[in-house]
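I have placed the structure first, in the form of C-alpha cells, so that the comments after it can refer back to it.
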Amino acid sequence: MTTKAVNLTTLGELTKKYDEKKKVQLNEEFHLYIYPEFAPSKIAEVLKELNTDYFNGDKKGLKIDEIAMTDWLYFLIIKKFTNLKIPNSLKSKMSAYINLVDSGLMGQIMMSFPEESIQKVLDHIKSVEDAVDQLVDSDLANKTEQVIKALDEL
Numbered sequence: 011m012t013t014k015a016v017n018l019t020t021l022g023e024l025t026k027k028y029d030e031k032k033k034v035q036l037n038e039e040f041h042l043y044i045y046p047e048f049a050p051s052k053i054a055e056v057l058k059e060l061n062t063d064y065f066n067g068d069k070k071g072l073k074i075d076e077i078a079m080t081d082w083l084y085f086l087i088i089k090k091f092t093n094l095k096i097p098n099s100l101k102s103k104m105s106a107y108i109n110l111v112d113s114g115l116m117g118q119i120m121m122s123f124p125e126e127s128i129q130k131v132l133d134h135i136k137s138v139e140d141a142v143d144q145l146v147d148s149d150l151a152n153k154t155e156q157v158i159k160a161l162d163e164l
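Residues 11 to 164 in the numbering used here are what the sequence shown lists, from first letter to last.
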C-alpha cells in the first residue's frame, strides 16, 4: 500500500470541511449559516471562553452564574459555529444571549447542528473532566503517600 507524506497542502485539504457553511432556514422570514463540522481547535476555544466568562462574570459583578452553564455553552456554540456576529465583551454577549433566548430561536439553531458535532464538544468536556479527576486522584495519592512516610518516620 502506497501512502502520501503529510505536508501543509494536505493538512489544508484535510481541514477544508471545517470552513464549509450550510444555510439554515429558521422561519419564512429569517435564515442563517452554520458551520456543521466543528474543528477541534474551535471546540477548545469554546470551552476556554466558557471558563473565562464564568470566572470574569463573577469578578465583574455580572450575574452569569444565574445562567445554566449548559445554556451558556450552547450560546457559545452558536457564537462560534454560525455567521451571527456576536460581540466578545461579556456584557454584550449576555445581552445577545437574552435576545437569542427571547427570540425563541436558540433551540431551533442548536437543533440545526449535527448531533455528532455537539457530541464532539461533550466528549471534549468529558476528557477534560477525566484529566482533572486523574490529577486530583494523583495529587491525593501523592499526599497520602507523603503522610504515610511522615508517620513512619515518627
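Glycine included, C-beta positions come from ideal geometry on N, C-alpha and C.
query: From I135 to E76, what distance separates their C-alpha atoms?
result: Whole-angstrom Cα-Cα distance: 21 Å.
task: Tell whether a beta-carbon distance below 7 Å holds between P50 and P124.
output: With contacts defined by Cβ atoms closer than 7 Å, P50 and P124 do not form a contacting pair.
- prompt: Excluding five sequence neighbours on each side, which residues of the same chain lie with their C-beta closer than 6 Å to the C-beta of M116?
  reply: The beta carbon of M116 lies closer than 6 Å to those of L110 in the same chain, with the five residues before and after it left out.
task: Within 10 angstroms of the Cβ of K103, are there 16 or more other Cβ atoms? Answer buried if so, exposed if not.
output: Label assigned to K103: buried.
- request: In the DSSP assignment, find the alpha helix (DSSP H) that holds K58 and state where it starts and stops.
  value: K58 -> alpha helix (DSSP H) spans P50 to K69.
field: With 16 other Cβ atoms within 10 Å as the buried cut-off, status of K32
entry: K32 comes out exposed.
message: Can you give me the C-alpha to C-alpha distance between S105 and F40, rounded to a whole angstrom?
response: The alpha-carbon atoms of S105 and F40 are separated by roughly 20 Å.
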